[in-house]
């Protein structure tokens, strides 16, 4: 009888150990998936930040004061500036795509962000944009909607992965203010 208790006890202990190892393996796999997803989002957001920051420093270059902004909406920015130093201003336009463009991802909130220069073809500069909000300010730091008075602006971006991990979409946030010298 004692031998039976020993056998049953050892089976229970082994089962518990196997379950603990399996649970640890699942937890490690989830953690690795989250880390990879966050790393990917950070890298994509970093590329977006570099492209936008580079463009924004040229806002208003070689255009008359107060005429740089063609559109200044919370979800769209369109301005003129001399990107290639040829003394001819180009029009740079950043705007959202439609929600149905990324309907193949499980994330219902992700969208594409486009960048268009002049009359050229719009380029998709980022996928997975949940939020991209521009806020515009006058020379006194007061929020404005008057395109002729914009002297600085800020951007707030939330980028999310298209696939959830544990029912949450890995995301990353970027916020920055820009003070182009040419405005």
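In the numbering used here, the protein residues as written are 283 to 465.
Even glycine gets a Cβ: it sits at the ideal position worked out from N, Cα and C.
At what residues does the beta strand (DSSP E) containing residue i begin and finish?
| i | result |
| --- | --- |
| residue 374 | 372-378 |
| residue 347 | Careful: residue 347 lies outside any beta strand (DSSP E) and carries neither H nor E. |
| residue 303 | That residue, residue 303, is in no beta strand (DSSP E); its alpha helix (DSSP H) goes 284-338. |
| residue 418 | 405-419 |
| residue 395 | 393-399 |
| residue 360 | 358-363 |
For residue i, which option in the options has the closest C-alpha, if you only look at C-alpha atoms?
| i | options | result |
| --- | --- | --- |
| residue 349 | 327, 362, 409 and 357 | 362 |
| residue 321 | 441, 310 and 296 | 441 |
| residue 416 | 439, 399, 402 and 405 | 439 |
| residue 433 | 343, 390 and 446 | 343 |
| residue 458 | 422, 401, 445 and 418 | 418 |
| residue 460 | 377, 396 and 359 | 359 |
| residue 376 | 332, 406, 287 and 423 | 406 |
| residue 455 | 411, 431 and 435 | 411 |
| residue 399 | 381, 328, 370 and 380 | 370 |
| residue 326 | 394, 288, 425 and 385 | 394 |
| residue 414 | 379, 445, 390 and 294 | 379 |
Output needed for residue i: all residues of its chain with C-beta closer than 7 Å, excluding positions within five of it in sequence on either side, in chain order.
| i | result |
| --- | --- |
| residue 429 | 351 and 354 |
| residue 338 | 460 and 462 |
Under 9 Å between C-beta atoms, does residue i make it to chain D?
| i | result |
| --- | --- |
| residue 462 | Among the protein chains of the structure shown there is no chain D, as only one such chain exists. |
Report the three-state DSSP secondary structure of residue i (helix, strand or coil).
| i | result |
| --- | --- |
| residue 461 | coil |
| residue 341 | coil |
| residue 433 | coil |
Grab me the residues of residue i's own chain with a C-beta within less than 8 Å of its C-beta, minus the 5 sequence neighbours each way, in chain order.
| i | result |
| --- | --- |
| residue 323 | 410, 441, 442, 443, 452, 453 and 454 |
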